[in-house]
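J.:
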Amino acid sequence: MEVVNAYLSGSQIVVLSRDGEGALVRSAVPPEYIVYLDAEEVGSDFARDLSKSRFVKSFKREGKWLRVGWSDRLIRDDMLFGRRGGEPRPSPFEERGIKTYEGDVHPVRRYLTDSGVEIQKPRRAYFDLETDSRVPFARKEEMRILSWALVAPDGRRWSAVLEADEDNAERDLIWAFFEAAGEFDQLLAWNGDNFDFPVLRARIEKRALRVDPDRWLWLDHLALFKRMNTASESGDEKQSMKLQSIAMALLGEGKDDFDGSKTWQAWEAGGASRAALLAYNVQDTDLLRKIEEKTGSASLFDTVANVCRVFPDSRGLNSTVQMDGYMLREGLVRGVHFPTKKYREQVEQYGGAYVMEPKTQGIERDVHVCDFASLYPSIILTWNMSPETKVDVAINGPVWEGTCRAPSTRQGFRVGEAGILPDALKRILSLRKEWNAKKADLPPGMLEWYEADRRSTAYKVVANSFYGVIGSPFSRFFDRRIAESVTKNGEWLLKRTIEEAEKLGMVAIYGDTDSIFVKNATRTQFEEFVRWCNEDLYPRIVAETGCVENHIKLAYEKQFRRIVFTGAKRYAGLYAHYKGKEATADSKPEIKGLEYKRGDAALLARRLQEKVINRMIVEGDARPETFREILGELLQRVLHDPLLIEEVQIAKAVTKPLKEYVVKKKMDGEDSSSPPHVRVAKMLAERGAEVGAGTRISFVVLDGDGGINVAIPADDYDGTCDRYYLWESLIYPPTQRLLQAAFPESDWVSALERVRPPKPRGKARKAAEEQLGLAVGAPRGIPGVGDPFLLSVAEDLGAEDVLLKLKEVAARHPGGRDLVLHVCLNSGSVAVLSTPLKVSGSVAFLREVEEVFWACAASREWEARCAN
DNA sequence: AGCTTTGGCTAGCGGC
DNA sequence: GCCGCTAGCCAA
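According to numbering that gives the first Met the number 0, numbering within the first sequence proceeds without interruption in unit steps and concludes at 867.
1) So, helix, strand or coil for F476, using DSSP?
2) What's the gap between the Cα of E291 and the Cα of S132?
3) Do A423 and Y570 come within 8 Å of each other at the CB atom, strictly closer than that value?
4) Identify which residue in S260, L287, I394 and V506 has its Cα closest to the Cα of Q243.
5) Looking only at C-alpha atoms, which of D715, G330, V677 and E628 sits nearest to W747?
6) What is the DSSP secondary structure of C369, counted as helix, strand or coil?
7) Count the other CB atoms, across all protein chains shown, that sit within 10 Å of the CB of G545; report buried if there are 16 or more and exposed otherwise.
8) DSSP puts N4 in a beta bridge; with which residues?
9) In the DSSP assignment, find the beta strand (DSSP E) that holds T583 and state where it starts and stops.
10) Given L630, which residues of its chain have a CB within under 7 Å of its CB, disregarding the five upstream and five downstream residues?
11) Within the region 649 to 705, note down every full alpha helix (DSSP H) run reaching 4 residues or more, in order along the chain.
12) Give me the Cα-Cα distance between K655 and L446, rounded to the nearest whole angstrom.
13) Can you tell me which of the three DSSP states E344 falls into?
14) Classify S385 as buried or exposed, calling it buried when 16 or more other Cβ atoms lie within 10 Å of its own Cβ.
15) Which word fits T523, buried or exposed, when buried means at least 16 other C-beta atoms lie within 10 angstroms of its C-beta?
16) Considering only residues of the region 467 to 516, which uninterrupted beta strand (DSSP E) runs meet the minimum length of 3 residues and lie entirely inside it, listed in chain order?
17) Quick one: residues in its chain with C-beta nearer than 7 Å to the C-beta of W174, no 5 flanking neighbours on either side, listed in chain order?
18) What's the C-alpha gap between V34 and E387?
19) Where does S10 fall in DSSP's three states?
20) For a quick check, are the C-beta atoms of Q264 and L216 less than 8 Å apart?
21) In whole angstroms, what is the alpha-carbon distance linking L380 and E543?
22) Identify, in the order they occur along the chain, each residue of the same chain with its Cβ nearer than 8 Å to the Cβ of R88, setting aside the five sequence neighbours on each side.
23) Does the contact criterion of 3 or more C-beta pairs under 8 Å hold for the region 333 to 341 versus the region 90 to 107?
24) For Q608, count the other beta carbons within 10 Å of its own beta carbon; 16 or more makes it buried, fewer makes it exposed. Which is it?
25) Secondary structure at L441, three-state DSSP: helix, strand or coil?
26) Quick test of your reading: V346 and N383, contact by CB under 8 Å. State the CB separation rounded to the nearest angstrom.
27) Return helix, strand or coil for S26, following the three-state DSSP convention.
28) What residues match up with H639 in a beta bridge as DSSP calls it?
29) From E669, L374 and R605, pick the residue whose C-alpha is nearest to that of H946; which is it?
30) For D127, which residues of its own chain have a beta-carbon under 8 Å away from its beta-carbon, when the five flanking residues on both sides are left out?
31) Identify, in the order they occur along the chain, each residue of the same chain with its Cβ nearer than 6 Å to the Cβ of R226, setting aside the five sequence neighbours on each side.
32) Can you list, in chain order, the stretches of the beta strand (DSSP E) that have 3 or more residues and sit fully within the region 37 to 68?
33) Excluding sequence positions up to five away, which residues of its chain have a Cβ less than 7 Å from the Cβ of A713?
34) For the alpha helix (DSSP H) holding R288, just list the boundary residues, first then last.
35) Taking the alpha-carbon of V637 as reference, which of N708, G668, V754 and E689 has the nearest alpha-carbon?
36) Cβ of S8 within 8 Å of Cβ of D213?
So this is what it looks like as structure tokens:
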């Protein structure tokens, strides 16, 4: 039997499936709250008590197991977790020291597992809601839906707009949506988990619509995209997760001039304006269809869901859920059950992989790289790691008969019969092979070819998630000892391999988790080394730890013609060949970890790094002058030219609700500052923007000169920012580190590191301050209302020029009239004093003033330096 | 409420 | 200027 959805509804599980004609068929099964117990552990007396208990609805012996069904969920919670009332107390099983198995498993999961039904491919549709922009998400119960659009994969589309600002009209609108959605099983919306889905549920309730939303599989397209699209080239693609940005990067379309924050106004205006709202709504929804057409993520996920026997909705995206689905069935078939999942307090971390600190000097040439094929899965297979094969063994001395021992953790495992985890892994990997073979037999591009390709990828996804799930304290399969044995065996294999390479005169300059970078070897020597490792070394050393199978395999992956490291996990290199295929003249460099790859680096920083990498790594230019020239040119631009917001902003996500950012108290009792992106996030939230966990905050630093940086939302950018900060903190350091690593003998520090002219001090400052009647040490940073504000004092700047420019700025600024600006000329010194009336309005003005001032200072400074 | 892991780098803040 | 700490992102 095949099932497209199943959910608890009242006192039954509603099961939906599509028949041969595609019609939706409903059936119902009773929900079961089951716990498995080890019969021997329970003993006959307690077993009899249980079987007679009024809380127990079903009682069955299944081999060594007792299968006990509770009368309902509350009884289950009470019996297993001691959850009734407020006071936690030990459960009857805990009191007797009896382990329970799978007691937490949800009735729908239980039904899917026990019945062995197949998960059908759902009929998919995409949708998007437009809602009243005046209402924040927090009050979604009052958030009127203005329009909706629904698009099918074949391009058919439905949409509707609110007729009147009345409850009945909205009721009709929502009703029409569910009528259109009726022929589909799975509904996707961008960021649906955090917006469209909860809004729709809230409005169904508010308008008392007789619709059961559980009848559909709700899948957040953004969450799907994030999970499935892991490959990304540069930081450019990580700037924004907004639908329009992703569509732009992926499809080259999507930018719409409609202002999403003004939906209410658009609707209220009626006529063409309301039509534009709906058109925008439909167009956005169609982007989802196009994104899927391009990526195939949802199709792949359908396949993963089918393999794991989970439903393809947002919940099913979680690895723990997928593994639960796969393994519970696997266990049932083999007569194995897994522990009940309980809430866990934070648990201690375990040790992970080995990362070598790069041992390089400048740009290295001809570096060979090998890596282990699927290292963690092959370790689990080789050492037969599984909860039920785990066994205590002697820590020292010979390995016991019938067991193997992880060399670092000294954890033992029985060998011979495959454990349930390795067995499942083996099946998954062999299925992957099968589908790969089928794929190879089919003409590429055929429907069946795509399906085979997705199957193969789906099995790979599941196999790769095994280790992570074993290491997760939130998973049923969590086993710290096994997880640590996996990582530490990896370390052991990596270090043993390095040792052997170095015995042969090669030099390992870097390695991370499963890879080794080697120099002082020819291609043939390295090939030979890898072959020897596979044929001789691994079978031998693995057998010495008691293993009876060896799945460890090393592969010669690539050779770098040139490569430079700035530290662990950070490098840029150019291939000589990749898997034996020679690089061509237009081969792109491989860049890892550098700011170029990071979504939280300023665009100017990424572009500079890219340019320098291309020059020194791709083109092989090794003259420091080349780079000094590039740097000098950019510095001039950064200090003097107009800069676009995209070039200067930084974007960072807040990872939790704003309230949860703990504000520490300083020694003086004052609150300490949050990170800049959090401060800006709070500003935006105050203005009414939706800022939740995961929201990316784009901001610009106006003043990064000591103390706490002054940052503003990118939307407030008016062309002014702290250009010295921009250069000294954001743009130059990433490239400086790269150049320092590549050309260690050159000096990349003194000349360009500090470009901010020194603040005047001593006599010049004092004179100006006296002249202005200011106390020494006037307030820094953004002043409060009415505070006198000493911006800067400097010597010998061509004071007349400065004054002229300042007047221009004052005249241009709308709030200039309210701002008292004093410019003091005193024997060649200039001081600017301002009394802002309203901080928010005056900040930009003040910054512009300061900008002018320092620009003059900087050009002097720069000229002086160039002359030297 | 639900959650795949650990290792490493960098920036910002506060305290000395 | 250094160090401890938080935070975010990336490599594997």
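By construction, the Cβ of each residue, glycine as well, lies at the ideal position given by its N, Cα and C atoms.
T.: The short version:
1) coil
2) 28 Å
3) no
4) L287
5) E628
6) strand
7) buried
8) L15
9) Taken as a continuous stretch (DSSP letters only), T583 belongs to no beta strand (DSSP E), as it is neither H nor E.
10) L751
11) 675 to 685
12) 42 Å
13) coil
14) buried
15) exposed
16) 506 to 511
17) L208
18) 19 Å
19) coil
20) no
21) 16 Å
22) G81
23) yes
24) buried
25) coil
26) That pair is no contact at about 25 Å.
27) strand
28) Paired residue(s): none; H639 is not in a bridge.
29) Summary: the structure shown does not reach residue 946, with the chain confined to residues 0 through 867, and so no result is reported for it.
30) W147, A148, A188, W189, D195, N280, D283, T284 and L287
31) L316
32) 55 to 61
33) I644, Q648, S697, F698 and V699
34) G270 to T294
35) V754
36) yes
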